[in-house]
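Sequences listed follow chains A and B, in order. Taking our numbering, the leading residue of the first sequence gets 1, the next gets one more, and so forth. Taking our numbering, the leading residue of the second sequence gets 339, the next gets one more, and so forth. Positions of the beta carbon are idealized from the N, C-alpha and C atoms, including for glycine. In what follows, a single structure is set out as structure tokens and then discussed.
There are 2 protein chains.
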Amino acid sequence: MSNTVHLSLDEVSALALRVLRHHGIIEAQVQAMARVMTAGERDQCHSHGLFRLLMCVQSLRQGKVVRDALPVAQHRSAAVVAVNAHCNFSPLAFEVGSALLIEKAHHTGIAALVINNCLHFSALWPEVEQLTQAGLCALIMTPSHACVAPAGGKLPVFGTNPIAFGWPRANGHPYVFDFATSAIARGEIDLYRRSGRTLPEGWGIDENGAPCTDAATVLQRGAMLTFGGYKGSALATMIELLAGPLLGDLTSTESLALDGRPGGAPRHGELIVAFDPRFFSGRDPATDQASAEQLLQAIRGQGARLPSERRYAARAHSIAHGVDIARALHDDILALMD
Amino acid sequence: MSNTVHLSLDEVSALALRVLRHHGIIEAQVQAMARVMTAGERDQCHSHGLFRLLMCVQSLRQGKVVRDALPVAQHRSAAVVAVNAHCNFSPLAFEVGSALLIEKAHHTGIAALVINNCLHFSALWPEVEQLTQAGLCALIMTPSHACVAPAGGKLPVFGTNPIAFGWPRANGHPYVFDFATSAIARGEIDLYRRSGRTLPEGWGIDENGAPCTDAATVLQRGAMLTFGGYKGSALATMIELLAGPLLGDLTSTESLALDGRPGGAPRHGELIVAFDPRFFSGRDPATDQASAEQLLQAIRGQGARLPSERRYAARAHSIAHGVDIARALHDDILALMD
Chain A
1 MSNTVHLSLD
11 EVSALALRVL
21 RHHGIIEAQV
31 QAMARVMTAG
41 ERDQCHSHGL
51 FRLLMCVQSL
61 RQGKVVRDAL
71 PVAQHRSAAV
81 VAVNAHCNFS
91 PLAFEVGSAL
101 LIEKAHHTGI
111 AALVINNCLH
121 FSALWPEVEQ
131 LTQAGLCALI
141 MTPSHACVAP
151 AGGKLPVFGT
161 NPIAFGWPRA
171 NGHPYVFDFA
181 TSAIARGEID
191 LYRRSGRTLP
201 EGWGIDENGA
211 PCTDAATVLQ
221 RGAMLTFGGY
231 KGSALATMIE
241 LLAGPLLGDL
251 TSTESLALDG
261 RPGGAPRHGE
271 LIVAFDPRFF
281 SGRDPATDQA
291 SAEQLLQAIR
301 GQGARLPSER
311 RYAARAHSIA
321 HGVDIARALH
331 DDILALMD
Chain B
339 MSNTVHLSLD
349 EVSALALRVL
359 RHHGIIEAQV
369 QAMARVMTAG
379 ERDQCHSHGL
389 FRLLMCVQSL
399 RQGKVVRDAL
409 PVAQHRSAAV
419 VAVNAHCNFS
429 PLAFEVGSAL
439 LIEKAHHTGI
449 AALVINNCLH
459 FSALWPEVEQ
469 LTQAGLCALI
479 MTPSHACVAP
489 AGGKLPVFGT
499 NPIAFGWPRA
509 NGHPYVFDFA
519 TSAIARGEID
529 LYRRSGRTLP
539 EGWGIDENGA
549 PCTDAATVLQ
559 RGAMLTFGGY
569 KGSALATMIE
579 LLAGPLLGDL
589 TSTESLALDG
599 RPGGAPRHGE
609 LIVAFDPRFF
619 SGRDPATDQA
629 SAEQLLQAIR
639 GQGARLPSER
649 RYAARAHSIA
659 HGVDIARALH
669 DDILALMD
């Protein structure tokens, strides 16, 4: 028996739908979540694909999720809309809010979507991509659970605090990046711990703030580090402030304190900013697009990769050929319906 | 004779005013530029203080500056205002535009200021600070002259592309950062070249993209690197796109090509985004401020410094005691009026 299971993307989606329905989540949310997980699997971002069903069901079993809550949108101004997820997952809140955000951005040139009280398990790039499809540039950020120390410190204050950006391109896929402001994903450090390998320098510190390459110490008593030293640490601080207190929502420290037990999806807020280029430039849009293409080609032309290229290549392959997922994961997912 | 000259802040300002007036710049611009330079000297950011007079006069002598051009503001929407500096320096364009930006942000919750065709010599933190004084969060970015290679590449594409952020605090100075997305300032590498010292690893590459610690090679044939590897490189790309083609203005490569000769202030655009917290949070503002303070205290409480603390300490000292500037610099500045 092969240790992988081959699935078409329709089968990936169907499996996610079955599991989520089994757990009594409201249907609109089931659809939104399955779309996000299928996109992750399709782009071979396996950690944000079907694997996330395990995390989501854990959150459900921990009683953190209001599974029939519908997101409620509130117009705050001509350019700001807030959506309260009421302790359901974020994807439906984003779907409801992004339609309003796009409308606002098309009227005011710049607009913001605030998502509050959402359980968050997804990558940010599917959301960024959706906004670029409406011709918008997008900037998205969220806090998470505190596990990352500030530069020069020793105690966790920040989450892995991802930031994502998208730029629409006239022909083909948008320019998109989506990265954690931690030096590395927490899951990656956990993989080192399981396999007993030594961490590279720069990923973590011990309880005294000294550089530490022991994964267990970093995870249990020490802290992770940000990427890029004090500059990465400053960015992580900005994400805490803009996607936490600015939104009237939790910092990573507050989110961890609220949850107590780790393992599920953290609850917090999310900030989405959209820019409609038509209001920003006084030139012919074709000139601006050409200038942006020249920049991106100058990067690619010297052998450097653009951030999302690997995902787009995986996407083309998955759409044509389906995906293989680990049999052990597939078994674990089926067991979620026992 | 001492090799420094002691000046009160009024004397710093008066010196800047004299030099700028001597060169025939329009008075409103003279005032705006002197304020920015005095602030730099006051906060002991000497590279953005009176020293910048040399760069500005070089730009004037190169014929790059339209010294009597007044900035022209254009409402693009309820939330976007664009100011054309018409090839004069940026400070007056910011002063004109920021008043309109603040008004818009107070009405729409989020707003943007586009500055086009400005000669840029200043740090971004004085502008960030001014917006926090109006109770706004601010995010500012600009390209510059191309001298930084993308991660995995070998040819300069990005400028040092600074990004700055500010968060207003109820009591005391705002939280402010302002950093280049290059690993280090270009001027710093030049200091290594002058003194024949070897560069630290990670600052630059040679013409083949190999790590290089020879300052002259990095500056003349190779390229500088971004901070934070591929993540810093992605941020630098975002700054190029958002503060270049989005605004209908120049990328760092286009700015360098336009100028031809280096040495003066680069001409390009600037993007300023302002957030009014009152539209983003559904909670009592005092709760949000307390939550933000808890975050910032958690950083400081473990011995990590907040980004602008050194500047604020220098400021208090300079206001009370004045500043000392190098006599050689003082002589060079006086010679600008010969």
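Alpha-carbon spacing of residue i relative to residue j, whole angstroms
i                 : j                 : result
Pro91 of chain A  : Leu644 of chain B : 34 angstroms
Ala335 of chain A : His22 of chain A  : 11 angstroms
Thr217 of chain A : Leu557 of chain B : 42 angstroms
Gln627 of chain B : Ala443 of chain B : 19 angstroms
Ala274 of chain A : Asp669 of chain B : 49 angstroms
Asp528 of chain B : Val404 of chain B : 29 angstroms
Pro150 of chain A : Pro156 of chain A : 7 angstroms
Ala223 of chain A : Leu633 of chain B : 16 angstroms
Cys394 of chain B : Ser182 of chain A : 39 angstroms
Ala313 of chain A : Ala16 of chain A  : 23 angstroms
Ala642 of chain B : Gly542 of chain B : 28 angstroms
Leu7 of chain A   : Glu207 of chain A : 44 angstroms
Cys87 of chain A  : Leu256 of chain A : 15 angstroms
Gly24 of chain A  : Val434 of chain B : 56 angstroms
Ala298 of chain A : Gln62 of chain A  : 49 angstroms
Cys550 of chain B : Leu199 of chain A : 26 angstroms
Pro126 of chain A : Arg169 of chain A : 16 angstroms
Thr287 of chain A : Val176 of chain A : 21 angstroms
Lys492 of chain B : Arg559 of chain B : 10 angstroms
Ser759 of chain B : Ile671 of chain B : This structure cannot speak to residue 759 of chain B, because chain B is shown only from 339 to 676.
Thr38 of chain A  : Met337 of chain A : 19 angstroms
Three-way DSSP call (helix, strand, coil) for residue i in this model
i                 : result
Thr551 of chain B : coil
Phe279 of chain A : helix
Pro367 of chain A : No answer is possible for residue 367 of chain A: the residues shown for chain A start at 1 and end at 338.
Ser520 of chain B : strand
Ala111 of chain A : strand
Glu207 of chain A : coil
Asp284 of chain A : coil
Pro162 of chain A : strand
His296 of chain B : No statement about residue 296 of chain B is possible, as the shown extent of chain B runs from 339 to 676 and does not include it.
Cys475 of chain B : strand
Ile325 of chain A : strand
Gly97 of chain A  : helix
Ile25 of chain A  : coil
Gln412 of chain B : strand
Cys394 of chain B : helix
Gly153 of chain A : coil
Val374 of chain B : helix
Arg605 of chain B : strand
Leu537 of chain B : coil
Ala314 of chain A : helix
His6 of chain A   : strand
Beta carbon of residue i nearer than 8 angstroms to that of residue j
i                 : j                 : result
Ala603 of chain B : Phe459 of chain B : yes
Arg653 of chain B : Thr342 of chain B : no
Ala82 of chain A  : Gly639 of chain B : no
Phe355 of chain A : Gly152 of chain A : No statement about residue 355 of chain A is possible, as the shown extent of chain A runs from 1 to 338 and does not include it.
Gly202 of chain A : Leu225 of chain A : yes
Gly601 of chain B : Asn454 of chain B : no
Phe503 of chain B : Gly228 of chain A : no
Leu391 of chain B : Ala411 of chain B : no
Leu329 of chain A : Phe89 of chain A  : no
Ser646 of chain B : His445 of chain B : no
Val374 of chain B : Leu358 of chain B : no
Ala111 of chain A : Val148 of chain A : no
Ala134 of chain A : Ile102 of chain A : yes
Arg42 of chain A  : Ile319 of chain A : yes
Ala123 of chain A : Gly232 of chain A : no
Whole-number beta carbon distance between residue j and residue i, since they are thought to touch under 8 angstroms
i                 : j                 : result
Cys137 of chain A : Arg311 of chain A : That pair is no contact at about 19 angstroms.
Leu131 of chain A : Ser98 of chain A  : 7 angstroms
Leu408 of chain B : Ile610 of chain B : Not confirmed; about 19 angstroms, so no contact.
Arg186 of chain A : Ala215 of chain A : Not really, about 10 angstroms apart at Cβ, beyond 8 angstroms.
Met584 of chain B : Pro277 of chain A : The amino acid occupying residue 584 of chain B in the given sequence is Leu; Met does not appear at that position. About 6 angstroms separates the two Cβ atoms, so the contact holds.
Contact list for residue i against chain E, beta-carbon separation under 9 angstroms
i                 : result
Gln130 of chain A : In the structure shown, chain E does not exist; the protein chains are A and B.
The stretch 569–587 of chain B / the stretch 476–485 of chain B touching (three or more Cβ pairs under 8 angstroms): With the rule of 3 Cβ pairs closer than 8 angstroms, the stretch 569–587 of chain B counts as touching the stretch 476–485 of chain B.
query: Counting Cβ pairs closer than 8 angstroms, one from the stretch 242–256 of chain A and one from the stretch 157–173 of chain A, do we hit at least three?
result: Yes, the stretch 242–256 of chain A touches the stretch 157–173 of chain A.
- prompt: Are three or more beta carbon pairs between the stretch 318–325 of chain A and the stretch 9–16 of chain A nearer than 8 angstroms?
  reply: Verdict: yes, contact present.
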